[in-house]
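Numbering (UniProt numbering), first residue to last: 1 to 88. Ideal placement from N, C-alpha and C gives every residue a C-beta, glycine not left out.
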């Protein structure tokens with residue numbers, strides 16, 4: 001699993017966009033305007049009765065968020081937590 005670091009991820013995404021002449025879709029603050037979670041911060045989840053619920057890390061079955069490595073190597077086009085697109 002990669003490293004989560006909000007400020008380093010924000011810088012990595014900005015650099016990725018600049019280096020690749022790509023539009024910067026990710027929120028400049030890192031906070032999703034739809035779910036109000038930071039896209040560069042890990043959130044832990046478990047699915048119960050078909051519903052995704054945030055829970056403590058030790059009880060989680062999966063994690064969402066954008067690591068420093070992912071932010072530096074790919075274009076962020078949506079929120080990893082609520083799946084809201086930033087480019088439609």
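Within the same chain, show all residues whose beta-carbon is closer than 7 Å to that of residue i, passing over the 5 residues directly before and after it, in chain order.
i: residue 76; result: 13, 25, 26, 39 and 66
i: residue 56; result: 44
Around the Cβ of residue i, are there at least 16 other Cβ atoms within 10 angstroms (buried) or fewer (exposed)?
i: residue 54; result: exposed
Within a Cβ cutoff of 6 Å, which residues of the same chain sit near residue i, ignoring the five residues on either side of it in sequence?
i: residue 8; result: 68
i: residue 17; result: 24
i: residue 64; result: 43, 80 and 81
i: residue 5; result: 68
What are the start and end residues of the beta strand (DSSP E) that includes residue i?
i: residue 51; result: 51-54
i: residue 43; result: 43-48
i: residue 63; result: 62-64
For the alpha helix (DSSP H) containing residue i, name the first residue and the last one.
i: residue 69; result: 68-73
i: residue 28; result: Looking at the DSSP string, residue 28 is not in any alpha helix (DSSP H), and its letter there is neither H nor E.
i: residue 16; result: 6-19
Kindly give me the distance between the Cβ atoms of residue i and residue j, rounded to whole angstroms, as I take these residues to be in contact under 8 Å.
i: residue 46; j: residue 60; result: 6 Å
i: residue 84; j: residue 20; result: Residue 84 to residue 20, Cβ: 23 Å. No contact.
i: residue 50; j: residue 15; result: About 39 Å separates the two Cβ atoms, so there is no contact after all.
Looking only at its chain, what residues have a beta carbon closer than 8 Å to the beta carbon of residue i, apart from the 5 residues adjacent to it on each side?
i: residue 37; result: 31, 43, 79, 81 and 82
i: residue 3; result: 67, 68 and 69
i: residue 87; result: 23, 25, 77 and 78
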